[in-house]
Amino acid sequence: GIRYFNGASGSLQFAHIRYAGTGVFIRNASPHISDVLISNSHAHGVDVQAYAGENSSPLLTALRLSGTSAGSGIALYSTAGGIVAPLFQNCEVSGIAPAYEAVNVTGTGTMPSFSNITISGGSYALYVHHGGSGSITGSIVRGALSDGIHLGDGTAAGAAGRLVIADNRIVNHGGAGIYANALPAGSVISRNLIRGNAAGGVYIAASQAWPLDVYANLIVENYSLPLLPGAVRLVGGADTATSAHARFYSNTIANNSNSGDGDAGLVADAYTTLLMRDNIFAYNRRADGTLADLRIATTAVTAGSSNNSTTLSLDGLNPVPPLSVQLADMYTGSPVTPFASHWYLATQATELAAGSRAAAAYLPQTPYAQAYIAAVRPGFADDIGYYHAHAAAVLSVANTSLSPGIIHAGNRLVVFTLIPRDATGNRLGAGLQFTASLGAGITGARIGQRRDMGDGRYEIEVDGTQAIPGSADVLTVTVQDDWNGNGSVTAQVIW
Numbered sequence: 022g023i024r025y026f027n028g029a030s031g032s033l034q035f036a037h038i039r040y041a042g043t044g045v046f047i048r049n050a051s052p053h054i055s056d057v058l059i060s061n062s063h064a065h066g067v068d069v070q071a072y073a074g075e076n077s078s079p080l081l082t083a084l085r086l087s088g089t090s091a092g093s094g095i096a097l098y099s100t101a102g103g104i105v106a107p108l109f110q111n112c113e114v115s116g117i118a119p120a121y122e123a124v125n126v127t128g129t130g131t132m133p134s135f136s137n138i139t140i141s142g143g144s145y146a147l148y149v150h151h152g153g154s155g156s157i158t159g160s161i162v163r164g165a166l167s168d169g170i171h172l173g174d175g176t177a178a179g180a181a182g183r184l185v186i187a188d189n190r191i192v193n194h195g196g197a198g199i200y201a202n203a204l205p206a207g208s209v210i211s212r213n214l215i216r217g218n219a220a221g222g223v224y225i226a227a228s229q230a231w232p233l234d235v236y237a238n239l240i241v242e243n244y245s246l247p248l249l250p251g252a253v254r255l256v257g258g259a260d261t262a263t264s265a266h267a268r269f270y271s272n273t274i275a276n277n278s279n280s281g282d283g284d285a286g287l288v289a290d291a292y293t294t295l296l297m298r299d300n301i302f303a304y305n306r307r308a309d310g311t312l313a314d315l316r317i318a319t320t321a322v323t324a325g326s327s328n329n330s331t332t333l334s335l336d337g338l339n340p341v342p343p344l345s346v347q348l349a350d351m352y353t354g355s356p357v358t359p360f361a362s363h364w365y366l367a368t369q370a371t372e373l374a375a376g377s378r379a380a381a382a383y384l385p386q387t388p389y390a391q392a393y394i395a396a397v398r399p400g401f402a403d404d405i406g407y408y409h410a411h412a413a414a415v416l417s418v419a420n421t422s423l424s425p426g427i428i429h430a431g432n433r434l435v436v437f438t439l440i441p442r443d444a445t446g447n448r449l450g451a452g453l454q455f456t457a458s459l460g461a462g463i464t465g466a467r468i469g470q471r472r473d474m475g476d477g478r479y480e481i482e483v484d485g486t487q488a489i490p491g492s493a494d495v496l497t498v499t500v501q502d503d504w505n506g507n508g509s510v511t512a513q514v515i516w
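With the working numbering, letter number 492 in the sequence shown gets 513, and the count goes up by one each step, no holes.
Here is the structure:
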């Protein structure tokens, strides 16, 4: 094939590289390669490497990599101190030998960007063993024997690096659509269509200790096994510190199924941490047809609001209020009309493989949906649908009340009522997190119990039985909002 070494640059266009050992090999070089067909390679189609002190940052556009017999379509590798930062645009990878990953990423200095590429087949479509950072956006990832995108190899060195996975179609894989294993803070999975995968849509391993942001995804028609349930699965460890941690908001999880008696929608194991807001869980079913939208372990650390579920419950757990309310409260206060079949798919959309079950789109008035944003290739009826984009309510400090605002309490227990509201005065609902504190803490009063009443009201006890008579405290309550910023309100109490 063609080899670039030691600072080489230049460009290559309009070529066909066939029957090479490796089609294009790049080490410590940054050429621009475009409009090249690389076919029937014995090893890798494109192999980019960098060792200590080296930098390989090529630009690769409009490549077609078709067929390898003993390697990956794209292999990216760095050692400590080396930088591999290629940019792939408008490329296609297919025909990879079944024993090899279509795209293989290894090395803490490996930081690829993939934009508008199509990856088909392989043992895994994209496997990041360990990496520095990177992104895959606006792409099609389809038809791997195992997982579509597998992030982190589970070893001590197997952190995948900060990754952004956005605006992709991740469909028809033999394993999970996305398998997330030990991503650092700041990693994002957003606005993806994740559909038709045989072992769930998104699998978040117990090693995911940092919060992983999963938002505005359409996770539909995925399958799961009885012992590996859930279109979305958060895996538990020995304690909270060793269990999966995710922030999950504005997603649609619909029409997923389990082949046995396992839950088909979202499953959060013991000790996992899950912050949920503004999600739709609709018609996820077990093999016998029963609804199985949610299963949240009783030892999971959860909070949520404005979520919508067809079951309005945490399946199998029979929780006492307000837990069941805070995780499945409705936008309207009454159950929505059942969704029409495949309402989340665009009219005349088809799956990327044969056997489409698509039907005309139906957009319910509540909650809202918006057109899925992805580039559609001219002349192709690629799988395209709708993702949930109902804006989550934003806390308005001006409309949030803490009552009584001022009270001459004497020496007794006082109960304050907090009602967080949005800019139009609507209650934000149950499941919010908040803190409470008393001035400098020198009056002898203390904070007592805090209660979520399940209907958008929260109670805070202030115990003044040991307070110094005539002293005064300012109670400050801060409502936590991880996405829009915290807000605080105050009240005064005179003992």
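Even for Gly, the Cβ is constructed at its ideal location relative to N, Cα and C.
- Taking the Cβ atoms as the reference, S167 lies roughly 6 Å from S144, within the contact range of under 8 Å.
- At a cut-off of 3 residues, the continuous stretches assigned as beta strand (DSSP E) that sit fully inside the region 72-154 are 80-82, 85-89, 95-99, 108-110, 113-115, 124-127, 134-136, 139-141, 147-151.
- For T464, same chain residues with a beta-carbon under 6 Å away, outside a window of 5 residues either side, are A488, I489, S492, D494 in chain order.
- Between the alpha carbons of G485 and A512 lies a distance of about 15 Å.
- In the structure shown, the three-state DSSP call for A227 is coil.
- Nearest in C-alpha terms to F35, of all of G28, A29, L58, is L58.
- For S60, the beta-bridge partners assigned by DSSP are R39, S87.
- DSSP, read as helix, strand or coil, puts A262 in helix.
- One thing to note: S55 has its Cβ no nearer than 9 Å to the Cβ of L86.
- Annotated as distal: N137 and G103, with beta-carbon spacing of 9 Å or more.
- If you draw a straight line from the Cα of E480 to the Cα of T320, it comes to about 23 Å.
- Two segments are said to touch when three or more pairs of C-beta atoms, one from each, lie closer than 8 Å; by this definition the region 146-153 touches the region 109-128.
- Between S156 and L184, the gap from beta carbon to beta carbon is short of 9 Å.
- When the Cα atoms are used, Y244 and R472 turn out to be separated by approximately 38 Å.
- Looking at the DSSP output, Q501 shares a beta bridge with Q454.
- Ranked by Cα distance from A285, the options I274, A291, T293, T294 are led by I274.
- Closest in alpha carbon position to H194, among A120, G283, V162, is V162.
- If you look at N420, you'll find it in the beta strand (DSSP E) that goes 417-424.
- A residue is called buried once 16 or more other Cβ atoms fall within 10 Å of its Cβ, and D68 is buried on that count.
- When the Cα atoms are used, A419 and R448 turn out to be separated by approximately 13 Å.
- Straight-line spacing of the CA atoms in Q454 and I440 works out to 12 Å.
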